[in-house]
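Chains as they are written, first to last, in my numbering: chain L, 11 to 563; chain H, 4 to 369.
For reference, the structure discussed in these notes is given below.
Shown next as structure tokens:
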């Protein structure tokens, strides 16, 4: 973007069919998954909705683009959809009507080791237990037993609770104390992921697989108070779905719902300011000089962008300003190498099934190595001799990503610091070579003659592409006890409603968080509808009703 | 092709000169144009299915009744039935040679389809991502030149007629890879500096997208060295493109050039199967495939002889041709009304130059 022009209205000759001033019931900022969900629910509720997106294409992290130009598409951001089993939006809109197809392979994750052994994490519990049995009979049995409980915790409480407005910790504690399962949730929440994993499992490689699975999205392995994410992320890590045609198809399906309901999507339009009048929101001003008038504005952006940049500190009460300024970003970001290749990566391990996994973890031999890598990343470093990551060959499940028959599209993703020592411009090419070497070590056929072309997406690139993922924060902000639950982003705003009249939040920085779970968008739509006195055309899912009835009422 | 060809010709003739002088880009660039059309259709009830490649147009008893999708289509039922019409926006060659095939067509007709020429529009495309804007050599800068100069739909080099003939000899005559030095290869380029500042091409701070630079090269299907003759040594041709542009630009050195994005005609055909042979014209714009003859005389009005309910709507291989004229859909609408397929509301207006066909329902009923 041309820096000197940012923030300056420009009356260009474009867009002449869209009026300079227009009136809306609701303006939604940001057409990522949550912005799309909020807009879709509210448009179908009969409101006149305008969804404004800065990029040339909607979807935010639901981006399937020709990053390996020409002819190879990759999911450059979201690829693993973990909450497909529970997301209300999929049922409420019956998005299958738009050709939305989910693929949930049984073989979800493999972890390959230098000695040719491997571990599997599968949708079917017994297959995982069988794989664990190679390393530890005890862990195999433990896994079956523990997962029976954890799956119940997830299906009855955590997953449906994702789509129910947050409660204050004390109220939640009182509610949970009433049932045995609720007590279990409270108990596990107090522990750290590392404690939970090590207390249950004895084999270090099994520990490594499970620790990586539950912390790979930025959970601090040693942090207490976030333990409820362990059963959730392991269970959901065994139920990841791939969106056939690429993740963007989810965004495209939602966009069609918005348009069919009479909503407007205004892309290639950046919001420069949320206008205020008499202390309340009155609309938004766009960079190219247009004004959208609305008494309700829903922002899916991160707290700094929404409050500090678009609203302005002069319009913030002291405690809200302090809370926003105290917001902390994700502990680490991601460096992703997208690769088009002649062949599917084939891993050098005895079990050929490991090469067919949705995700393959490479480069780590045990928990110490994983923890050391994460510690390095938090400190802004990467040890080039000792790092790892996860790989997905997307064309194993989706032939549509390659326009060239038989050619493959994969990515190697690793945890990485935003502010790496030496800077990404210098370190990026080094990292790319190191990643290819690491990959080749695990999958010997990933040699130069197999690779057609590559494209590296660094943490800086994430921020450039999606600026509200500041510092490469894919969740818009860290998951720690003071930024989860009703504290996300703070107690005043976690319901979706803010102290500023007419301003609502629906992004990943709101309860329940990011990773394309669709919770913030769903909850914000409900909140806006309630506040505007609009009849909700949708009902809670049976799982949500059961959760409320059993555990909260 | 009475009624439709003449206005299209006039449109091209009158619109092109100012368009070349001041190209118009939709906000969001060409993809923004797509969004507007797509959402308009969705809002009016159209159903879209992406990632659903069609493998067959189902023809029964001389009538097109639906399509069969490829096995990996994102659609459980692999067949879609059409009550009124099947409209193929695919290139004419795959439409008849692959999707319909000899089981429904006679050999004489198929031979004519096979013989349609793809020559003349196959382009090698390059984009240049740079740290600094391209700085044109003083003799090539437009006025006012400024520090960098500008290129407005520029075509280079245009020094002599011999230069033009040399390029044509290679591309259309020899049909082989270039053997002339890059500074004499002819190319055209879109100037990135024309974009609205609030609608920038590059969202990367301090980086600039330049291009596309396009160069007419032999059509892969006719390249005497083989279809993939350029792609076997693609790095060499990428560098050739860079050298061609560097003949008019001062700062295309390694320090300034971050990355090139290159696409051969062969690759274009895979990306977009409608661009057979990487031809931006679909089929050659010559006297035998133009106006009333495009793509074949009996199909210039988009109907298909001997297959009822099948219509052709490919942007480039149908009349009046490509270049985003967006004429085919509008023209076709007249024909669909004539055949009783479409029954538009009050919003419809027929072309003032439309001439109804005898025995058909007039499309200019208002």
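Built from N, CA and C at the ideal position, the CB exists for glycine as well.
What residue 80 of chain L touches in chain H, judged by beta-carbon distance under 9 Å, is 128, 264, 265, 266, 267, 270, 271, 273, 274, going in chain order. Cβ neighbours of residue 162 of chain L within its own chain (closer than 7 Å, five residues either side excluded): 191. Between residue 246 of chain L and residue 93 of chain L a beta carbon distance of about 7 Å is seen, short of the 8 Å cut, so the two are scored as contacting. The Cβ-Cβ distance between residue 236 of chain L and residue 206 of chain L does not fall below 7 Å.
At a beta-carbon threshold of 9 Å, none of the residues of chain H lie near residue 480 of chain L; the nearest stands roughly 15 Å away.
Note that the C-beta distance between residue 74 of chain L and residue 303 of chain L is not below 7 Å. With contacts defined as CB atoms closer than 7 Å, residue 111 of chain L and residue 254 of chain L qualify as a contacting pair. Contact check for residue 77 of chain H against residue 93 of chain H fails: the beta carbons are separated by 7 Å or more. Residue 283 of chain H is outside the set of residues whose beta carbon lies under 7 Å from a beta carbon in chain L. Within chain H, the C-beta atoms nearer than 8 Å to that of residue 410 of chain L come from 54, 75, 77, in chain order.
Note that the C-beta distance between residue 65 of chain H and residue 311 of chain H is below 7 Å. The alpha helix (DSSP H) runs of length 4 or more contained entirely in the stretch 140-197 of chain L are, from start to end of the chain, 147-163, 179-186.
Around the beta-carbon of residue 274 of chain L, 16 or more other beta-carbon atoms lie within 10 Å, marking it buried. Pairing residue 329 of chain H with residue 191 of chain H, the inter-Cα distance amounts to about 22 Å. Apart from sequence neighbours up to five positions away, the residues of its chain that approach residue 321 of chain H with a beta-carbon distance below 6 Å are 315, 331, ordered along the chain. Where residue 121 of chain L is concerned, the enclosing beta strand (DSSP E) starts and stops at 117-122. Across the structure, residue 305 of chain H and residue 174 of chain L are spaced so that their CA atoms are roughly 55 Å apart. Here residue 451 of chain L is not bridged, per DSSP, to any residue. If you ignore the 5 residues before and after residue 196 of chain L, its C-beta comes within less than 8 Å of the C-beta of 183, 186, 187, all in its own chain and listed in chain order. DSSP lists H/61, H/84 as the bridge partner or partners of residue 69 of chain H. In the DSSP assignment, residue 114 of chain H falls within the alpha helix (DSSP H) that extends over 110-118. Interface annotation, residue 77 of chain L: not in contact with chain H, CB-CB separation never under 7 Å.
Annotation: residue 137 of chain H to residue 69 of chain L spans about 32 Å, alpha carbon to alpha carbon. Within the same chain, 116 come within 6 Å of residue 134 of chain L by CB-CB distance, once the 5 residues on both sides are set aside. Contact check between the stretch 462-469 of chain L and the stretch 424-440 of chain L: three or more CB pairs, one atom from each, fall below 8 Å, which counts as touching. Residue 31 of chain H reaches chain L at 66, 277, 278, counting residues in chain order whose Cβ is nearer than 7 Å. Against chain L, a Cβ distance below 7 Å from residue 45 of chain H picks out 266, 269, 270. Take the alpha-carbon of residue 313 of chain H and the one of residue 45 of chain H: they are about 23 Å apart.
L/198 is the residue among L/178, L/288, L/198 whose C-alpha sits nearest the C-alpha of residue 159 of chain L.
Under the DSSP assignment, residue 274 of chain L falls in the beta strand (DSSP E) whose first and last residues are 274-276. The closest CA to that of residue 283 of chain H, considering only H/362, H/128, H/302, H/231, is found on H/128. Two segments are said to touch when three or more pairs of C-beta atoms, one from each, lie closer than 8 Å; by this definition the stretch 124-134 of chain L does not touch the stretch 297-311 of chain L. Sequence-distant partners of residue 531 of chain L (beyond 5 residues in either direction) whose C-beta falls short of 6 Å from its own C-beta, in its chain, are 44, 47, 48, 516. In this structure, residue 298 of chain H places its C-beta atom within 7 Å of the C-beta atom of residue 286 of chain H. In terms of Cβ geometry, residue 210 of chain H and residue 132 of chain H form a close pair [threshold 7 Å]. Contact note: residue 55 of chain L does not reach chain H at a C-beta cutoff of 9 Å; the least C-beta distance is about 17 Å.
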